[in-house]
Structure formats: structure tokens, C-alpha cells
């Protein structure tokens, strides 16, 4: 009975739209870091909810794919849950929360802690694709700057940061140069994740729905965070370990526990944290006593 | 005007999933230049177009993408076939084409007349689908560039003699330039403009 009812086309988008996005993706891969304009469609969710990433995922996904969606590293927050449910409904694809099982990982603002592998595609949701936008509001001018490889303005911005604060104060959406040519916005991922983009084994695709841009970083491609010789690029470090799994050297979220100043630090990557706990790692707050944490 | 019966033949039997399969292989191929992929899907394309080239046409072409055809293809049932199955207009102007299909044995003397995009919009460039005698056999090419860990060696038979020089010229235009997909029957490999070729 239900077979007779009208259903969505596979993965929601019509075939002509998919072809248009697919052509943009191929050109984006051929020109690493360059923003390809595309005719972004209205999606059944508001701009800012990852419509760019959703359109990229819809254009590449097939029935055999396994999809993982994360929002700030978490599989269980609103954005991740609703996008995962969307693709379960319109594409009937298998979904997972395990990084290693996924073939396509759509992400909002994090790169999984676990190293990505060759068969995987990481799809970023991007709010503002243009790294120069806050320095120069005119698209005609930023286009020209990219065309002429004129990135002096960005270096001035980073220099002014040092002059005012003694260090480069940008902690997320930290600009990178791709394959020695295009300066690119890695989307608002913490700069902690920038080194993971460099020479990654996985293909990285970026979709900005409202701004109508798609860009890409192919696997095994140089991605260098901008810096100065005397102020080299550094990632955040955390003094604490994860309170639940005891992980060190991962990106942590601070969670306020009460109004008495109580707080805890936990892995931002929920799958990584769960996996560690399944393997017997215990953090401070879950351990019966401190010794057991080791 | 008589329509070639061949023009109406072929096409994907399951367009949604078959074009997704071809695209996924193309995307992986573009992301890992020099990887030889092959397709078992039958596109039912007219001679002398190869099967992979036919499948790529069905996957990527539509009314938004003017297509340029080399002489042998232009005289075949190909213009009507591609028009019937994809709606893509045929153009005689290389510079206006989004895709250019070139049959085996006809060497383009230059890539210069194809669209290379502009410095501001280098994506507005032609993708050439160039049929060669064989992939995985013949002259050894050594590839480097984004998507390739260290070096990738691939063998191609029947590549036009001056391809190496044309490719160097193309590479020099970066970020402008054409992208090439080499096809041989059911096989294909991608050469995005970033790839460097050493003979």
C-alpha cells in the first residue's frame, strides 16, 4: 500500500540538482581550497542548520553508505540527531555513531579524534566560507584577492592580533593555506583540529548553503595553518584529562555542574569517549578512587 | 530528418542509483588522480564512444552543460544520443563547452581553445573526456600532486604524443586550466589540473 504513495526522490534532492552539485564537487576537488559557487537549494531546515553539508551529503550518498553526523563532536545533540533522522527517512541509509564504521561523516565544527581512513568522506557544514569576509565585505574584492593570491590582509590581521594580545588570538576557524595556493576557512572547527586536515587520508568536502559555496581538500594534500616564524601556529592544550574516560591530548568541553564553581572537562568527541570507556578507560569522575583512574 | 535508432537506445536502466555509483567512482578518482576505475554499467552509447565515457555523459551532462564533440563523435549518433538522454546542447565552440568528448586516436593540438575558466572563477572550465587505447598498459606516467601520497605510477597506451607538453602548459595556468578524464572502454582515470606528470 505504502509503495503506491509518492515518496521522496532518493536523498531528497532531484536528479538535476544532484548533477549540479556533483559537477561543483568535482571542480572543487580539482582546485583544492577554491570556493566553487553552486545553486544552493532551499532545504526542509533553516539556513544555519547545515543545509550546505546536507546538500553535499545528499549528492554523494548511496544506498550502501553508512552515515555518521556530529555536532561539535557529539552524535547526540539536536543538529546531529535531526540530520541523521533526515537521511534515514529520505535515503534509508544505515547510520552509525562509530567513526570507524562510517563511510560519510557529516560534521558541524569538529573533526573526529580517531584518524580517518581512505574510504571515508568528511563533509563539513560551513557558515561563512570566505576567510577574508570579515576583513573585506565585498565579494568582488575577495574574489580578486584569491585570484591574485593576495593574502597580505590576512597576515596583517594575524599580526595585529599579536600586537594587541601578544599572540594570535584566533582559536577557531583558523585560516589555512591549501596546497600552497588558496587560503581557506576550515569552518568553525577549533584550531586544535587544523593539523588533522593536513595530509589526511580521507576526502574533505565543505558545503555552505546560505553562502552557496562548495570547496574541498583532496586526500594527501598540504594544509598549513597561517603563522609567523617567531609566532608559530600552536594548538590548544588542556591541563585536565577527560573526566569520564581519562583521555589526554584530545579536545575537551567544559561543563558547568552547579553554581558553586563546580565544573568538569569531557571529551567533545562522544564516540571517542564512549569507545575508550568500553575499553576500560576510566576518568576521574567515574573512578571509585583516584588510583583506579590509571 | 531521420533520427538514428541508436540515439534512442541505451541510457541507464536505473538512473538515480547508477548515476550515483558512477559519480562516486568519479569523485574518488578525482580525489586520487591516476587511480584506474572501471564500470560494469552499460550506457548503451553509440560508437565510437567508450562505455565509461557514455556512463560519465549520462551522469554529469544536462541542459546546463554545453558539450563539444570531436569530429568522429560529431558525425556519429552521439549528438542525438546525448541530446535525447541528457538534454545537453551540442556546441561547436570549444570555449563554451562544459564537457568535451574526444574519441580515440584524435589528438587535440592544444587545450588552449577549451574553457580554462578565469582567474576569479577557475571552475568555469571544460572537463575533457579523452578516449585512449588502454589504461594499465603502455607508456609509464609518474604522477604527483594533491590526492597522491608521494608518487603514483600509471600506464597509459595511446596517449597523444604531445599530451605531456599540453599538460605542462595546462599546469602552468593554475588555478585556471582544464581537467581530463582518460577513458578506455569500461575503464577510466582522472587527471585534475593539479596533477603533475613526469614521463
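Chains as they are written, first to last, in the working numbering: chain C, 1332 to 1625; chain U, 135 to 333.
All C-beta atoms, glycine included, are put in the ideal place defined by N, C-alpha and C.
In this text, all values refer to a predicted model and were calculated from it rather than measured experimentally.
- In terms of beta-carbon proximity, residue 282 of chain U lines the interface with chain C, with at least one pair separated by less than 8 angstroms.
- DSSP, read as helix, strand or coil, puts residue 270 of chain U in strand.
- For residue 1339 of chain C, the secondary structure class from DSSP, reduced to helix, strand or coil, is coil.
- Using a Cβ distance threshold of 8 angstroms, residue 1556 of chain C and residue 1447 of chain C do not count as a contacting pair.
- Between residue 1435 of chain C and residue 1391 of chain C, the CB-CB gap stays under 8 angstroms.
- Taking C-alpha positions only, residue 1371 of chain C is separated from residue 1611 of chain C by approximately 45 angstroms.
- Per the coordinates, the alpha-carbon of residue 308 of chain U lies some 8 angstroms from the alpha-carbon of residue 328 of chain U.
- One finds 196 in chain U with Cβ atoms closer than 7 angstroms to the Cβ of residue 1347 of chain C, taken in chain order.
- Membership of residue 203 of chain U in the beta strand (DSSP E) is indicated by the continuous run 201 to 203.
- Below the 9 angstroms Cβ cutoff, chain C contributes 1340, 1341, 1342, 1346 and 1349 as neighbours of residue 150 of chain U, in chain order.
- The distance from the Cβ of residue 1547 of chain C to that of residue 1537 of chain C is about 7 angstroms, consistent with a contact at the 8 angstroms cut-off.
- Residue 1514 of chain C and residue 1482 of chain C do touch by the CB rule: their CB atoms are close to 5 angstroms apart, below 8 angstroms.
- With fewer than 16 other beta carbons inside 10 angstroms of its own, residue 296 of chain U counts as exposed.
- Looking at the DSSP output, residue 1439 of chain C bridges to C/1402.
- Judged by DSSP in its simplified three-state form, residue 213 of chain U adopts helix.
- Exposed is the label assigned to residue 197 of chain U, since fewer than 16 other Cβ atoms lie within 10 Å of its Cβ.
- Any Cβ of chain U closer than 8 angstroms to the Cβ of residue 1435 of chain C would place that residue at the interface, and such an atom is absent.
- Residue 1394 of chain C belongs to the set of residues whose beta carbon lies under 8 angstroms from a beta carbon in chain U.
- The contact set of residue 1356 of chain C on chain U, defined by CB atoms closer than 8 angstroms, consists of 161 in chain order.
- Listed along chain U, the residues sitting closer than 7 angstroms to residue 1534 of chain C by beta-carbon distance are 165.
- Residue 1490 of chain C: member of the alpha helix (DSSP H) spanning 1483 to 1496, first to last residue.
- Per DSSP, reduced to three states, the secondary structure at residue 1538 of chain C is strand.
- Separation of residue 1343 of chain C and residue 1417 of chain C (C-alpha to C-alpha, rounded to the nearest whole angstrom) is 9 angstroms.
- Partner residues in the beta bridge of residue 265 of chain U, as assigned by DSSP, are U/317.
- The beta carbon of residue 1361 of chain C sits closer than 8 angstroms to some beta carbon of chain U.
- Contact of residue 1448 of chain C with chain U is not assigned, every C-beta pair being separated by 8 angstroms or more.
- Below the 7 angstroms Cβ cutoff, chain U contributes 257 as neighbours of residue 1367 of chain C, in chain order.
- In this structure, residue 238 of chain U places its C-beta atom within 8 angstroms of the C-beta atom of residue 265 of chain U.
- Using a Cβ-Cβ cut-off of 8 angstroms, residue 1475 of chain C counts as an interface residue toward chain U, since at least one Cβ of chain U sits closer than that to its own.
- Remark: C-beta atoms of residue 1398 of chain C and residue 1424 of chain C approach each other more closely than 8 angstroms.
- Distance from the CA of residue 162 of chain U to the CA of residue 1592 of chain C, rounded to the nearest whole angstrom, comes to 50 angstroms.
- Relative to residue 183 of chain U, the option among U/258, U/147, U/209 and U/139 whose CA is nearest is U/209.
- The alpha-carbon separation between residue 288 of chain U and residue 177 of chain U amounts to approximately 26 angstroms.
- The Cβ neighbour count for residue 1496 of chain C, taken over all protein chains shown within 10 Å, is under 16; the residue is labelled exposed.
- Of all alpha-carbon atoms in U/193, U/270 and U/254, the one lying nearest the alpha-carbon of residue 1351 of chain C is that of U/193.
- Below 8 angstroms, enough C-beta pairs join the region 227 to 236 of chain U and the region 246 to 259 of chain U to call them touching: three or more.
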